[in-house]
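Peer 1: So in the numbering used here the end of the sequence shown lands on 730, straight run, no missing numbers.
Every residue, glycine too, gets a C-beta built ideally from N, C-alpha and C.
My questions will all concern the structure given below.
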Amino acid sequence: MPSSSDTDIQQRVRRLENLVRRYQESYYNDQPEVSDAEFDALWDELKAIDPGNRLFRIVGADSSGVFSKARHVLPMGSQEKAANPDEFLAWARKTALPDLVVQDKLDGASIELQYEDGLLVRAVTRGDGMIGDDVSANARKMGGVLAQLPVGFSGAIRGEVVMSRAVHTQRFSDKANCRNAANGIMKRKDGLGAEFLEVICYDVAPRGLYDTVAGDLFVTQVAAPFNDELAKIDWLKGAGFHVVGTKLFTDPYEVIDYRARVVAGRDSLPYDIDGLVVKNREVDPDDMRRARPEKQIAFKFPLEEALSTLVAVEWSESGATYTPIGVIEPVRLAGTTVKRANLANTNTIGGMGLKLGSRVVVVKRGEIIPKIEGLVENPPDARDIPVPATCSCGTSLVDEGTRLYCPNPACPKKALHRLEKWLSVLDIRDFGTGILGRLFESGRVESIADLYGLSMEELAAYERMGDISAAKVLQNLHTRNELTLAEFIAGFDIENIGLLIVEKVVAAGFNTLDGLRAATVDELTAVDGLGEITARALAEGLATLADQMDASVSAGSLVIKTPVEVAGPLVGLSFCFTGELAGMKRSRAEALVRSLGGSVRSSVAKDLSYLVTNDPGSGSTKNKKALSLGVAIISEEEFLALTGR
Ligand SMILES: [Zn+2]
86 MPSSSDTDIQ QRVRRLENLV RRYQESYYND QPEVSDAEFD ALWDELKAID PGNRLFRIVG
146 ADSSGVFSKA RHVLPMGSQE KAANPDEFLA WARKTALPDL VVQDKLDGAS IELQYEDGLL
206 VRAVTRGDGM IGDDVSANAR KMGGVLAQLP VGFSGAIRGE VVMSRAVHTQ RFSDKANCRN
266 AANGIMKRKD GLGAEFLEVI CYDVAPRGLY DTVAGDLFVT QVAAPFNDEL AKIDWLKGAG
326 FHVVGTKLFT DPYEVIDYRA RVVAGRDSLP YDIDGLVVKN REVDPDDMRR ARPEKQIAFK
386 FPLEEALSTL VAVEWSESGA TYTPIGVIEP VRLAGTTVKR ANLANTNTIG GMGLKLGSRV
446 VVVKRGEIIP KIEGLVENPP DARDIPVPAT CSCGTSLVDE GTRLYCPNPA CPKKALHRLE
506 KWLSVLDIRD FGTGILGRLF ESGRVESIAD LYGLSMEELA AYERMGDISA AKVLQNLHTR
566 NELTLAEFIA GFDIENIGLL IVEKVVAAGF NTLDGLRAAT VDELTAVDGL GEITARALAE
626 GLATLADQMD ASVSAGSLVI KTPVEVAGPL VGLSFCFTGE LAGMKRSRAE ALVRSLGGSV
686 RSSVAKDLSY LVTNDPGSGS TKNKKALSLG VAIISEEEFL ALTGR
């Protein structure tokens with residue numbers, strides 16, 4: 086005998102059935118009475134209290150409430166990503182592909198359409214990349230999905246399920262964006278709204294191309310037309326599919342400008358796209374086996390950008406280097422008005438084809454100076470950007486593409502700039518640039534060491550100087566004869582090596598001039614926040630300026646202070662590494678030791694605290710020596726425990 090609550094439930098079930106039917110009907114007749122969310126709530130409630138309801142069987146969903154699973158023919162791996170032109174150029178240089186196929190990266194939901202002898206048998210969502218949901222019933226209603234192909238093809242077509250902006254605005258404006266709407270509808274059990282979606286295709290592979298053997302992806306030889314990305318697109322178009330916008334370029338900078346044009350016009354596109362996919366034209370089976378293929382990359386769009394016009398280029402002079410800065414028509418970007426934007430170097434200007442008058446895309450991320458990220462178009466009256474050819478010293482400038490500079494080692498600009506930098510880093514007041522300029526022009530002071538050779542008498546003889554001023558200046562200079570290593574190095578005005586950079590290096594344990602000079606580029610690169618280019622600049626600067634530095638130390642009786650002992654768990658401990666480490670490069674481990682107050686040794690001695698090795702039984706000289714001297718031998722894991730990581 087049914088209880089009263091059972092009766093209540095039955096009544097509720099009938100009520101829900103009626104509502105769902107009615108709203109489905111009104112929806113199909115283009116007159117929806119309730120929002121999708123309200124409909125979903127009714128649907129879910131019915132499913133919760135009566136999972137076996139006939140309504141679910143009528144619309145073809147399985148009674149478990151979950152789509153059945155299906156395996157992909159063409160596995161969906163993950164993709165390399167480039168967030169900006171610099172990252173993209175780094176990838177392009179590394180792969181050096183002869184042809185770059187560039188396709189719109191549609192912002193929707195991935196789908197695989199599976200065909201057997203030309204008939205659509207299955208449509209599978211992305212899922213985990215290997216296995217996804219079988220949404221065939223929904224897919225059959227979508228635009229661009231062919232139930233039958235003109236040829237007897239067996240294999241997989243890859244595409245993106247998208248909702249056009251027009252449909253989103255007209256019918257689904259309650260959904261946050263096109264992608265959310267497309268995703269939600271694609272996965273509806275009742276298929277409601279699937280007819281408003283469209284599948285746009287970009288890849289195709291015949292069955293048997295991919296196989297998994299013991300979990301390993303296996304890719305057989307790819308035959309025409311499926312071995313060429315452009316031929317694939319032609320094939321898809323010929324079969325009747327909608328295909329993504331596809332372009333072919335050979336120069337990475339052309340891709341950067343193309344991206345800028347797409348970004349500039351993306352508001353008027355029928356679909357949302359969130360970037361470009363750049364891939365090798367020729368399909369490389371070995372590359373496709375990789376979990377993340379290297380020969381393709383998602384070149385993302387900036388989150389926020391502005392369009393402006395490049396009106397002038399200023400050349401900022403720092404020492405011997407000339408750096409281009411774009412002056413643009415003021416534009417609002419990320420909450421600020423932007424008037425100037427970085428142009429990096431002459432490679433950037435030439436590569437992007439920038440001219441005075443160019444329409445450009447300007448991007449700002451966080452606090453960094455805005456950058457010009459690509460050319461949108463050059464008006465007919467655009468003019469070439471003049472690049473300075475000669476330094477004020479008369480020497481022809483060298484344009485390395487990445488750097489424009491005066492190669493004259495005796496260039497006054499360089500030497501004078503160094504003197505100014507020295508006085509500024511040491512904060513030596515009253516030594517105005519006027520006096521410095523006169524001393525420099527007269528040839529009396531050409532290097533930092535010369536500063537310390539100045540006598541009060543000769544200084545006082547300089548125009549408008551007088552005894553009192555001269556005494557003050559020299560006193561200021563000589564009271565600052567104790568300085569930190571970071572101040573000393575930064576004062577020598579090495580290109581791109583400022584105080585903060587040297588402080589990082591010192592904190593990493595290179596805390597004496599000799600120790601710093603002995604450091605290799607690799608060791609310096611391993612210092613957090615440095616990078617190889619900076620490390621190289623520092624190492625080369627130290628070598629070039631070695632004589633000048635030594636001369637300054639003796640001329641000024643300079644004392645380079647040893648930094649206050651670094652506090653850290655490894656203070657007082659010394660480490661020597663041998664053999665390979667599993668978790669990090671040796672240089673990184675050594676930097677870690679220094680940053681935590683410890684020291685690094687290259688050989689084993691009695692007072693060494695620890696020899697770190699993952700292979701204590703290797704019989705290496707260091708192992709034997711440590712054993713014979715009773716030096717503790719620890720593993721990488723034990724080492725990491727000591728560092729607290
Ligand atoms: Zn010069």
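1. Beta carbon of Val-246, beta carbon of Cys-286: below 8 Å?
2. Express the C-alpha separation of Glu-390 and Phe-124 in angstroms, rounding to a whole number.
3. Is any heavy atom in ligand 1 found nearer than 7 Å to the beta carbon of Ser-401?
4. Does the contact criterion of 3 or more C-beta pairs under 8 Å hold for the segment 354 to 365 versus the segment 180 to 190?
5. Tell me which residue opens and which closes the beta strand (DSSP E) that Gln-199 is part of.
6. Taking the continuous beta strand (DSSP E) assigned at Tyr-547, which residues delimit it?
7. Exposed or buried, which one is Asp-563 when buried takes at least 16 other CB atoms within 10 Å?
8. Expressed to the nearest angstrom, what Euclidean distance is found between the alpha-carbon atoms of Pro-415 and Ala-405?
9. Helix, strand or coil for Tyr-407, going by three-state DSSP, please let me know.
10. Under three-state DSSP, which class holds Cys-496?
11. Look at the alpha carbon of Lys-449 and the alpha carbon of Leu-361, and state the distance between them as a whole number of angstroms.
12. If you drop the 5 nearest sequence neighbours on each side, which residues of the same chain put their C-beta closer than 6 Å to that of Leu-182?
13. Just mark Asp-219 as buried or exposed, buried being the case when its beta carbon has 16 or more other beta carbons within 10 Å.
14. Have a look at Pro-310, Gly-704, Arg-264 and flag the residue whose alpha-carbon is nearest the alpha-carbon of Val-252.
15. Going by DSSP in three states, Gly-641 sits in which element: helix, strand or coil?
16. Short check: CB of Leu-127 to CB of Leu-159, under 8 Å?
17. Mind checking Val-340: buried by the 16 CB within 10 Å criterion, or exposed?
18. Kindly indicate which three-state DSSP category Glu-339 falls into: helix, strand or coil?
19. According to DSSP, which residues form a beta bridge with Gln-233?
20. Does any heavy atom of ligand 1 sit closer than 7 Å to the C-beta of Ser-481?
21. Say the cut is 7 Å; is the CB of Ala-405 nearer than that to a heavy atom of ligand 1?
22. Quick one: residues in its chain with C-beta nearer than 8 Å to the C-beta of Thr-475, no 5 flanking neighbours on either side, listed in chain order?
23. Return yes when the Cβ of Val-398 is within less than 8 Å of the Cβ of Ile-413, no when it is not.
24. Nearest by alpha-carbon distance to Ile-196: which of Leu-428, Glu-118, Asn-268 is it?
25. Applying the 10 Å Cβ sphere with the 16-neighbour rule, what's the burial state of Gln-233?
26. With DSSP as the reference, label Met-86 as helix, strand or coil.
27. Relative to the C-alpha of Ser-532, which candidate in Asp-635, Ala-555, Lys-440 has its C-alpha closest?
28. Under the criterion of a Cβ to heavy atom distance below 7 Å, does Lys-498 qualify as lining ligand 1?
29. Using only the heavy atoms of ligand 1, determine whether one of them is closer than 7 Å to the beta carbon of Asn-493.
30. Let me check one thing: in DSSP terms, what residues is Tyr-490 bridge-paired to?
31. Under 7 Å: does the beta carbon of Ser-393 sit that close to some heavy atom of ligand 1?
32. Mind pulling the alpha helix (DSSP H) runs of 4 or more residues that sit fully within the segment 248 to 309?
33. Distance, Cα to Cα, Val-446 vs Thr-422?
34. Just to check, is the beta-carbon of Ser-672 closer than 7 Å to a non-hydrogen atom of ligand 1?
35. May I ask you to report which of helix, strand or coil DSSP gives Leu-568?
36. Check whether the Cβ atoms of Arg-344 and Gln-164 lie closer than 8 Å to each other.
Peer 2: On the basis of the supplied data:
1. Along the sequence shown, one-based indexing puts residue 246 at 161. Along the sequence shown, one-based indexing puts residue 286 at 201. Going by C-beta atoms, Val-246 is not nearer than 8 Å to Cys-286.
2. Looking up residue 124 in the sequence shown gives position 39. Looking up residue 390 in the sequence shown gives position 305. Phe-124 and Glu-390 have their C-alpha atoms roughly 38 Å apart.
3. For the purposes of this step, residue 401 is identified with residue 316 of the sequence shown, where counting begins at 1. Because no heavy atom of ligand 1 lies under 7 Å away, the Cβ of Ser-401 does not count as near it: no.
4. yes
5. Position 114 of the sequence shown holds residue 199. Looking at the DSSP string, the run of the beta strand (DSSP E) that includes Gln-199 is 194 to 201.
6. The sequence position of residue 547 within the sequence shown is 462, counting from 1. In the DSSP assignment, Tyr-547 falls outside any beta strand (DSSP E), carrying neither H nor E.
7. Taking the first residue of the sequence shown as position 1, residue 563 is located at position 478. Residue identity check: residue 563 is His in the sequence provided, not Asp. His-563 comes out exposed.
8. Within the sequence shown, residue 415 is the residue found at index 330, counting from 1. Within the sequence shown, residue 405 is the residue found at index 320, counting from 1. Looking at the two C-alpha atoms, the distance is approximately 30 Å.
9. Within the sequence shown, the letter at position 322 stands for residue 407. In the structure shown, Tyr-407 sits in a strand (DSSP, three-state: E or B).
10. Locating residue 496 in the sequence shown gives position 411, counting from the first residue. Coil.
11. To locate residue 449, count along the sequence shown from 1; it is residue 364. To locate residue 361, count along the sequence shown from 1; it is residue 276. One C-alpha to the other measures close to 20 Å.
12. On the sequence shown, position 97 is the one that residue 182 refers to. Asn-365, listed in sequence order.
13. What you label residue 219 is simply residue 134 of the sequence shown in a count that begins at 1. Label assigned to Asp-219: buried.
14. As a working note, residue 252 is residue 167 in the sequence shown. Checking every option, the nearest Cα to that of Val-252 belongs to Arg-264.
15. Against the sequence shown, residue 641 aligns to sequence position 556. Correct three-state label for Gly-641: coil.
16. Counted from its first residue, the sequence shown places residue 127 at position 42. Counted from its first residue, the sequence shown places residue 159 at position 74. Contact: no.
17. On the sequence shown, position 255 is the one that residue 340 refers to. The residue is buried, with at least 16 neighbouring Cβ atoms inside 10 Å.
18. Locating residue 339 in the sequence shown gives position 254, where the first residue counts as 1. Glu-339 falls in the helix class under three-state DSSP.
19. Here residue 233 is taken as the residue at index 148 of the sequence shown, counted from 1. DSSP lists Leu-204 as partners of Gln-233.
20. As a position in the sequence shown, residue 481 is number 396, starting the count at 1. Answer for Ser-481: no, Cβ out of range of ligand 1.
21. Within the sequence shown, numbered from 1, the residue matching residue 405 stands at position 320. Answer for Ala-405: yes, Cβ within range of ligand 1.
22. The residue labelled residue 475 in the question sits at position 390 within the sequence shown. Once the five neighbours on either side are set aside, the close Cβ partners of Thr-475 are Ser-481, Leu-482.
23. Sequence index remark: in the sequence shown, residue 413 carries index 328 (1-based). Sequence index remark: in the sequence shown, residue 398 carries index 313 (1-based). Not a contact, by the Cβ cut-off of 8 Å.
24. Along the sequence shown, one-based indexing puts residue 196 at 111. Considering only alpha carbons, the answer is Asn-268.
25. If you number the sequence shown from 1, residue 233 lands on position 148. Gln-233 comes out exposed.
26. Locating residue 86 in the sequence shown gives position 1, where the first residue counts as 1. Here Met-86 scores only 44 on pLDDT, less than 50, and its place in the model should not be relied on; the value that follows carries that caveat. Note: Met-86 maps to coil in three-state DSSP.
27. As a first step, residue 532 must be located in the sequence shown, where it is residue number 447. Selected option, being the one with the closest Cα: Asp-635.
28. The residue you call residue 498 lines up with position 413 of the sequence shown. Yes; taking the cut-off as 7 Å, the Cβ of Lys-498 has a heavy atom of ligand 1 nearer than that.
29. Position 408 of the sequence shown, counting from 1, holds the residue named residue 493. Answer for Asn-493: yes, Cβ within range of ligand 1.
30. The residue labelled residue 490 in the question sits at position 405 within the sequence shown. Answer is Thr-406, Val-483.
31. Reading the sequence shown from its first residue, position 308 is the one you call residue 393. No, since every heavy atom of ligand 1 falls outside the 7 Å radius drawn around the Cβ of Ser-393.
32. 250 to 256, 263 to 271
33. Counting from 1 along the sequence shown, the entry for residue 446 is found at position 361. Counting from 1 along the sequence shown, the entry for residue 422 is found at position 337. Cα-Cα distance, rounded: 15 Å.
34. Taking the first residue of the sequence shown as 1, we reach residue 672 at position 587. Not under cutoff, so the answer is no.
35. The count along the sequence shown starts at 1 and reaches residue 568 at position 483. Judged by DSSP in its simplified three-state form, Leu-568 adopts strand.
36. Translated into positions along the sequence shown, residue 344 becomes position 259. Translated into positions along the sequence shown, residue 164 becomes position 79. No, the Cβ-Cβ distance between Arg-344 and Gln-164 is not below 8 Å.
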